[in-house]
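Chemist:
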Amino acid sequence: MIRKVYLDNASTTFVSSEVLAEILPCYNSIYGNSNSVHSFGREASAIVDRARDRIANAINANKSNEIYFTSGGTEADNWAIKGIAHAYSNKGKHIITSSIEHHAVLDSCKQLEEEGYEVTYLPVDRNGLVNLVELLHSIRKDTTLISIIAVNNEVGTIQNIKAIAKIAHDYGIIFHTDAVQAIGNIKIDVQDMEIDALTMSAHKIYGPKGVGCLYLKNGIRIEPMIVGGSQEREKRGGTVNVPAVAGFGKAVEVAIRDMTINQQKLRSIRDYFIRNLNEKVEYITINGHPQQKISNILNVTFDMVDNESLLMLLDMEGVAVSIASACTSGSNEQSHVLKAMGLDGNAVQSSIRISFGKNISRSDIDYAVEAIEKSVAKLRSISALTKAGRK
0 MIRKVYLDNA STTFVSSEVL AEILPCYNSI YGNSNSVHSF GREASAIVDR ARDRIANAIN
60 ANKSNEIYFT SGGTEADNWA IKGIAHAYSN KGKHIITSSI EHHAVLDSCK QLEEEGYEVT
120 YLPVDRNGLV NLVELLHSIR KDTTLISIIA VNNEVGTIQN IKAIAKIAHD YGIIFHTDAV
180 QAIGNIKIDV QDMEIDALTM SAHKIYGPKG VGCLYLKNGI RIEPMIVGGS QEREKRGGTV
240 NVPAVAGFGK AVEVAIRDMT INQQKLRSIR DYFIRNLNEK VEYITINGHP QQKISNILNV
300 TFDMVDNESL LMLLDMEGVA VSIASACTSG SNEQSHVLKA MGLDGNAVQS SIRISFGKNI
360 SRSDIDYAVE AIEKSVAKLR SISALTKAGR K
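FYI, numbering that gives the first Met the number 0 numbers position 237 of the sequence shown as 236, with every residue one higher than the one before it.
Next up, the structure:
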């Protein structure tokens, strides 16, 4: 019997019941425009302020006015990279990032290159870690911004963010990190870690889609990207999506509250999955750092298997996994992350991302591993027959 097993939580999560309960009243009871001065608007504004406080507290921001709501992580990344670069262009036009960033950062950097900026894309090692010596050697007098992802969205490797931020500040450089996959998985303290700007998104932590935020330390300049309104302290125009913001605030609060117990469960589930997979499927490789990684993302190479074919067969079995990032699905582009980590073309073409959610059970894992075993065996058999036919 086919059952549904969702193993693509790094792409998006379901909206939790606690979050949904926070959202619903904003559609029919407290529905004012949060920028209006009448009582309906003030009620909505109070909800937005509460969400801002919750998020600021979760990352230990100095003040809640350092939180700016956006339409999601992609907008926040775009705004951070281009907005900060433009605001400090008189100081210099050199930016440093890594070769395994989310495309929201990489494509923003490419746009800046078209404007005359110079960008250094740091290489990573086989585990997906940025080399701090390479970072030091890349810093120039005209470097204004360093942006390094906190947790990679394809392999789960955790970067040495605190050390990178310290290096940036030693040279008077602003530091930004994409923490979309980090929130709820590792502790983020923007003051202790010396983070100047940070990107978050709600739908990775059981919140609604279409809302995120940019943390921007007070005193850091940024050029507005969306104009035409005085919202977000005149930094980001547009009517605030009060229901989504309310859900985002609650999702962050719950993610931090339950982080320890969720991580214990996810680690146990991941290790159980790996043990079962190793017992039943040969010739596999786990990509990413063996220890310095979050618990819910697993990237696996299945030798002699085409990942697109594997994804389709698993989907027919009711098991949802992904290839690379959801933002690049349908582009026919191989994972830039795995290539940057040194995997050859065949290995990249044989790798899938499996990401666990807090509602997963061991029986779900048993079913998924059985489906993977059956699908991999089928594809390897077809591959062997094809090769034999060519001889």
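Note that CB positions come from ideal geometry on N, CA and C, so glycine has one too. What you are looking at is a predicted structure, and each value in this text was computed from that prediction instead of being measured.
Is it buried or exposed for residue 94, if we count other Cβ within 10 angstroms and need 16 for buried?
Modeler: For the purposes of this step, residue 94 is identified with residue 95 of the sequence shown, where counting begins at 1. So residue 94 counts as buried.
Chemist: Which whole-angstrom value describes the C-beta separation of residue 149 and residue 177, a residue pair presumed to lie in contact below a C-beta threshold of 8 Å?
Modeler: Translated into the one-based positions of the sequence shown, residue 149 becomes position 150. Translated into the one-based positions of the sequence shown, residue 177 becomes position 178. Yes, residue 149 and residue 177 are in contact; Cβ-Cβ is about 7 Å, under 8 Å.
Chemist: Drop a sphere of 10 angstroms on the beta-carbon of residue 170, count the other beta-carbons inside from all chains shown, and report buried for 16 or more, exposed for fewer.
Modeler: As a working note, residue 170 is residue 171 in the sequence shown. Label assigned to residue 170: exposed.
Chemist: Report yes or no: do the segment 86-93 and the segment 125-143 share at least 3 C-beta pairs separated by less than 8 Å?
Modeler: Yes: at least three Cβ pairs fall under 8 Å.
Chemist: Which term fits residue 45, buried or exposed, when burial requires 16 or more other beta carbons within 10 angstroms of its beta carbon?
Modeler: As a first step, residue 45 is located in the sequence shown; it is residue number 46 there, counting from the start. That one is exposed.
Chemist: Cα-Cα, which of 278, 336, 320, 208 is closest to residue 356?
Modeler: Position 357 of the sequence shown, counting from 1, holds the residue named residue 356. Minimum Cα distance to residue 356 is reached at 320.
Chemist: What does residue 292 pair with, by DSSP beta-bridge criteria?
Modeler: Your numbering for residue 292 matches position 293 in the sequence shown. Residue 292 pairs with 156.
Chemist: Quick check on residue 247: does DSSP put it in helix, strand or coil?
Modeler: For the purposes of this step, residue 247 is taken as the residue at position 248 of the sequence shown. DSSP places residue 247 in helix when its eight states are reduced to three.
Chemist: Terminal residues of the continuous beta strand (DSSP E) containing residue 355?
Modeler: Taking the first residue of the sequence shown as position 1, residue 355 is located at position 356. From DSSP, residue 355 is part of no beta strand (DSSP E); its letter is neither H nor E.
Chemist: Between residue 18 and the rest of its own chain, which residues show a CB-CB distance below 8 Å, the 5 nearest in sequence each way excluded?
Modeler: Residue mapping note: residue 18 aligns to position 19 of the sequence shown, counting from 1. Here the set comprises 205, 206, 207, 246, 249, 250, 253.
Chemist: Are there 16 or more other CB atoms within 10 angstroms of the CB of residue 290, so buried, or fewer, so exposed?
Modeler: By 1-based counting over the sequence shown, the position of residue 290 is 291. Its Cβ having fewer than 16 others within 10 Å, residue 290 is exposed.
Chemist: What is the C-beta distance between residue 276 and residue 268, in whole angstroms, given that I count them as a contact (C-beta under 8 Å)?
Modeler: Within the sequence shown, the letter at position 277 stands for residue 276. Within the sequence shown, the letter at position 269 stands for residue 268. Actually they are not in contact, since the Cβ atoms of residue 276 and residue 268 sit about 12 Å apart, beyond 8 Å.
Chemist: For residue 184, which three-state DSSP category applies?
Modeler: In the sequence shown, residue 184 corresponds to position 185, counting from 1. Three-state DSSP puts residue 184 in coil, outside helix and strand.
Chemist: When you compare each of 218, 337, 29, 60 to residue 125 by their alpha carbons, which one comes out closest?
Modeler: As a working mapping, residue 125 is identified with position 126 in the sequence shown. It is 337 whose Cα lies nearest to the Cα of residue 125.
Chemist: By a C-beta neighbour count over all protein chains shown, 10 Å radius and 16 as the cutoff for buried, is residue 229 buried or exposed?
Modeler: To locate residue 229, count along the sequence shown from 1; it is residue 230. The residue in question, residue 229, is exposed, as its Cβ has fewer than 16 Cβ neighbours within 10 Å.
Chemist: Among 173, 155, 57, which one has its Cα closest to the Cα of residue 146?
Modeler: The residue labelled residue 146 in the question sits at position 147 within the sequence shown. Of 173, 155, 57, the residue nearest in Cα terms is 173.
Chemist: Mind checking which residues open and close the alpha helix (DSSP H) that includes residue 18?
Modeler: Working through the sequence shown from its first residue, we reach residue 18 at position 19. Taken as a continuous stretch (DSSP letters only), the alpha helix (DSSP H) holding residue 18 covers 16-22.
Chemist: Taking all protein chains shown into account, decide if residue 30 is buried (16 or more other Cβ within 10 angstroms of its Cβ) or exposed.
Modeler: As a position in the sequence shown, residue 30 is number 31, starting the count at 1. Exposed, since its Cβ has fewer than 16 Cβ neighbours within 10 Å.
Chemist: Taking the runs of the alpha helix (DSSP H) that are 4 residues or longer, which of them lie wholly in the segment 198-280?
Modeler: Taking only runs of at least 4 residues, the alpha helix (DSSP H) segments lying wholly in the segment 198-280 are 230-233, 241-256, 258-279.
Chemist: Since residue 152 and residue 101 are thought to touch, with beta carbons under 8 Å apart, how far apart are those beta carbons, to the nearest angstrom?
Modeler: Translated into the one-based positions of the sequence shown, residue 152 becomes position 153. Translated into the one-based positions of the sequence shown, residue 101 becomes position 102. So it is a contact: roughly 6 Å between Cβ atoms.
Chemist: On the CB-based measure, 16 or more other CB atoms within 10 Å of its CB, does residue 242 come out buried or exposed?
Modeler: By one-based count along the sequence shown, residue 242 stands at place 243. Result: buried.
Chemist: Taking C-beta to C-beta, are residue 107 and residue 80 nearer than 8 Å?
Modeler: Numbered from 1 along the sequence shown, position 108 holds the residue referred to as residue 107. Numbered from 1 along the sequence shown, position 81 holds the residue referred to as residue 80. For residue 107 and residue 80, yes; Cβs fall inside 8 Å.
Chemist: Taking all protein chains shown into account, decide if residue 20 is buried (16 or more other Cβ within 10 angstroms of its Cβ) or exposed.
Modeler: Residue mapping note: residue 20 aligns to position 21 of the sequence shown, counting from 1. Residue 20 comes out exposed.
Chemist: May I ask which residues mark the beginning and end of the beta strand (DSSP E) holding residue 177?
Modeler: Along the sequence shown, read from residue 1 onward, the residue named residue 177 stands at position 178. Taken as a continuous stretch (DSSP letters only), the beta strand (DSSP E) holding residue 177 covers 173-177.
Chemist: Residue range of the alpha helix (DSSP H) that residue 73 falls in?
Modeler: Taking the sequence shown and counting its residues from 1, the one referred to as residue 73 is at position 74. Per DSSP, residue 73 belongs to the alpha helix (DSSP H) from 72-77.
Chemist: Using DSSP with H/G/I as helix, E/B as strand and the rest coil, what is residue 26?
Modeler: Locating residue 26 in the sequence shown gives position 27, counting from the first residue. In this structure, residue 26 counts as helix in the three-state DSSP scheme.
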